[in-house]
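As structure tokens, the structure follows; a few thoughts come after it.
Number of protein chains: 2
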Amino acid sequence: MRSLAFVNGKFSSLEEAKVSVEDRGFLFGDGIYDVIRVRNGRPYKLEKHLKRTFQCAKELEIPIPYSKDELLSIMTEIIRKSGIREAKLYLQITRGAYPRAHEFPQEVKPTFVLIVREYNGVDEVLIREGAKAITYPDIRWGRCDLKSLNLLPNVLARQKAVQMGAYEAIFHKGDGHITEGAITNVFIVKKGTVLTAPESREILSGVTRETVIKIAREKGIEVRERVFSLEELYNADEVFITGTTTDLLSVVEIDGKVIGKGKPGEISSSLYKALKEDQKNECNLQ
Amino acid sequence: MRSLAFVNGKFSSLEEAKVSVEDRGFLFGDGIYDVIRVRNGRPYKLEKHLKRTFQCAKELEIPIPYSKDELLSIMTEIIRKSGIREAKLYLQITRGAYPRAHEFPQEVKPTFVLIVREYNGVDEVLIREGAKAITYPDIRWGRCDLKSLNLLPNVLARQKAVQMGAYEAIFHKGDGHITEGAITNVFIVKKGTVLTAPESREILSGVTRETVIKIAREKGIEVRERVFSLEELYNADEVFITGTTTDLLSVVEIDGKVIGKGKPGEISSSLYKALKEDQKNECNLQ
Chain A
5 MRSLAFVNGK FSSLEEAKVS VEDRGFLFGD GIYDVIRVRN GRPYKLEKHL KRTFQCAKEL
65 EIPIPYSKDE LLSIMTEIIR KSGIREAKLY LQITRGAYPR AHEFPQEVKP TFVLIVREYN
125 GVDEVLIREG AKAITYPDIR WGRCDLKSLN LLPNVLARQK AVQMGAYEAI FHKGDGHITE
185 GAITNVFIVK KGTVLTAPES REILSGVTRE TVIKIAREKG IEVRERVFSL EELYNADEVF
245 ITGTTTDLLS VVEIDGKVIG KGKPGEISSS LYKALKEDQK NECNLQ
Chain B
5 MRSLAFVNGK FSSLEEAKVS VEDRGFLFGD GIYDVIRVRN GRPYKLEKHL KRTFQCAKEL
65 EIPIPYSKDE LLSIMTEIIR KSGIREAKLY LQITRGAYPR AHEFPQEVKP TFVLIVREYN
125 GVDEVLIREG AKAITYPDIR WGRCDLKSLN LLPNVLARQK AVQMGAYEAI FHKGDGHITE
185 GAITNVFIVK KGTVLTAPES REILSGVTRE TVIKIAREKG IEVRERVFSL EELYNADEVF
245 ITGTTTDLLS VVEIDGKVIG KGKPGEISSS LYKALKEDQK NECNLQ
């Protein structure tokens, strides 16, 4: 069982996996990425991830050098070769390597990278007791709907969170409205209704976000996609965050303020269970 | 005479110059860069470039693995080895290679890259006749004062400019004020006064910008650093842009509208000459 990379058609160890210093991913962040969860050797919600990847690539005019079927087969092979059953599968496509100039090169081959690494999910204690978060000014660019490699603000926000002993940094805009977390989407629960920011250029439309909204609605829970404020966040009955590596995690303290009863709430817990059930079903887990 | 790279202590051809796929520059744009002009084998305004690089690195908590003197000696060596006299020297420092997680790794060595390439300046026709520009919404992040690798909005803006047959894209904010260009700082001239956006988190404090302001003031030209609007840009007597690879370039058409008399203006031309004179003096050019 070992981490593996696949770079432009070649499988290798991660130590051997290299790209040009003139890769536009390295020089400009001119590329896209995705992270896919592998449970029991099977990629979870792969179709939805690939759909988004193809959409982002189209928007940025980065050609993906494989068809969806070819991608599926490469992904299956890297998981099989690695021998890893519980994993993160990281996908990155850049516009390719070319002498540095901002405009798109006329003739360039995109760089295609896959990395598979063992991953067993968020710490059990966090799941049981809930996580801490901080809030952080949302100074990101205007196209957060694109899963691009321009992630320095997210890096700085998450670093601050970790320094403060928190799991996540939740972004708020100048007027106080909440967008999303540095690596997750953010939900609040108030009087039985679940709220999360609507799809827009301010948030990444997370696959887990979409799954949780669907699951909640199937359970008869009202979900409203609307902008909410920092004040509503602090005063929510429950707060939870969702993401591919995070699954669904209750947030019980934000900026040192206790949220709701200070432990994972009823709706969050029931949605967490339902999400794990969905993973089990789709990935044939015991 | 050949392009050369220097990556983490090793000189090589550009073809051989590689970094890890897990380099945080490649994954997150978690790094900084600078471009230095080399004239007659000598780096122009090197002290100012290095000062800014050290400032940016400090702000982002990226350690620079060399002292200023060591940097100077490596730069001198790469220029000498390349045999190139007229060049762009590209410097990039990232937080280093580490398994992907947004927060700063505890133990990681920064990645240090230098690239030297021949460069002979902007096309003579553009200098003589002036350039076209377009305007483009400034959707960049909130820390444009940092010379970071999160350059996708600049890439998209410059690509649009090139598609439109223009040299540069000039950013305007939602309220219509101008910040800077995708790869340059922007100046306007009105009734003999030179205006440019003040230093703030909205612009990169360009070394050429600073040089041109100094030169203009020495010539007795009034320079005001203040916010100006898209309307003022369109109605300026002269517009010019400055940057390390651009030097000083007159802009004579923006969004299809003719600026001033539609040719390089008197003040722009005199500042261009003075800038070239300064390069000659500092770099011992004939």
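Residue numbers (our numbering), protein chains in the order written: chain A, 5 to 290; chain B, 5 to 290. Positions of the beta carbon are idealized from the N, C-alpha and C atoms, including for glycine. The structure presented is a predicted model; accordingly, all values stated were derived computationally and were not measured.
Nearest-angstrom Cβ-Cβ length linking residue i and residue j, presumed shorter than 8 Å
i	j	result
A/I271	A/I225	6 Å
A/L64	A/L150	7 Å
A/L93	A/V42	5 Å
B/I263	B/V243	5 Å
B/T250	B/V126	6 Å
A/F58	A/I68	6 Å
Minimum Cβ-Cβ distance from residue i to chain A less than 8 Å
i	result
B/L155	yes
B/Q163	yes
B/Q175	Residue 175 of chain B is actually Phe in this sequence, not Gln. Taking Cβ atoms only, chain A never reaches closer than 8 Å to B/F175, which makes this a no.
B/I187	yes
B/S152	yes
B/L93	no
B/G169	no
B/L18	yes
B/V11	yes
B/G146	yes
Short CB-CB distance (under 8 Å) between residue i and chain B
i	result
A/R104	yes
A/N158	yes
A/K22	yes
A/F108	yes
A/I4	The question about residue 4 of chain A has no answer here: the residues shown for chain A are numbered 5 through 290.
A/V25	yes
A/D34	yes
A/F116	no
A/V211	no
A/V42	no
A/V126	no
A/I119	yes
A/F30	yes
A/A220	no
A/I138	no
A/V166	yes
A/I78	no
A/I143	yes
Residue interval of the beta strand (DSSP E) (run including residue i)
i	result
B/D251	D251 to I258
B/H53	That residue, B/H53, is in no beta strand (DSSP E); its alpha helix (DSSP H) goes L50 to E63.
A/E14	Looking at the sequence itself, residue 14 of chain A is Lys, so the reference to Glu does not match. Looking at the DSSP string, the run of the beta strand (DSSP E) that includes A/K14 is K14 to S16.
A/I245	E242 to G247
B/I131	Segment E128 to E133 is the alpha helix (DSSP H) holding B/I131; no beta strand (DSSP E) there.
A/Y37	G35 to R43
Contact check, residue i vs residue j, beta carbons under 8 Å
i	j	result
B/E107	A/R132	no
A/H176	A/V231	no
B/K267	B/V255	no
A/A183	A/A201	Sequence inspection shows Thr at residue 183 of chain A; the Ala mentioned does not correspond to that position. Going by C-beta atoms, A/T183 is nearer than 8 Å to A/A201.
A/D282	A/T139	no
B/N189	B/G210	yes
B/L8	B/I82	yes
B/D34	A/L95	no
A/G29	B/F32	no
A/V25	B/K22	yes
A/R6	A/S86	yes
B/A186	B/A165	yes
A/N288	A/N44	yes
B/R121	B/R205	no
A/A158	B/N154	Checking the displayed sequence, the identity of residue 158 of chain A turns out to be Asn instead of Ala. In this structure, B/N154 does not lie closer than 8 Å to A/N158 by Cβ.
B/I36	B/L50	no
B/L237	B/L252	no
A/A91	A/A137	no
B/G100	B/D27	yes
A/T98	A/T115	yes
B/Y48	B/E286	yes
A/H53	A/D38	yes
A/T197	A/L279	no
A/R84	B/W145	no
A/Y295	A/L130	In this structure chain A extends from 5 to 290, so residue 295 of chain A is not present and cannot be described.
Continuous alpha helix (DSSP H) stretch holding residue i: start and end
i	result
B/P157	L156 to Q167
B/F30	R28 to F32
B/L279	E270 to E286
A/D73	K72 to S86
A/Y94	Not the alpha helix (DSSP H): A/Y94 falls in the beta strand (DSSP E), residues A91 to T98.
B/T188	Counting along the chain, B/T188 falls outside any alpha helix (DSSP H), and DSSP gives it neither H nor E.
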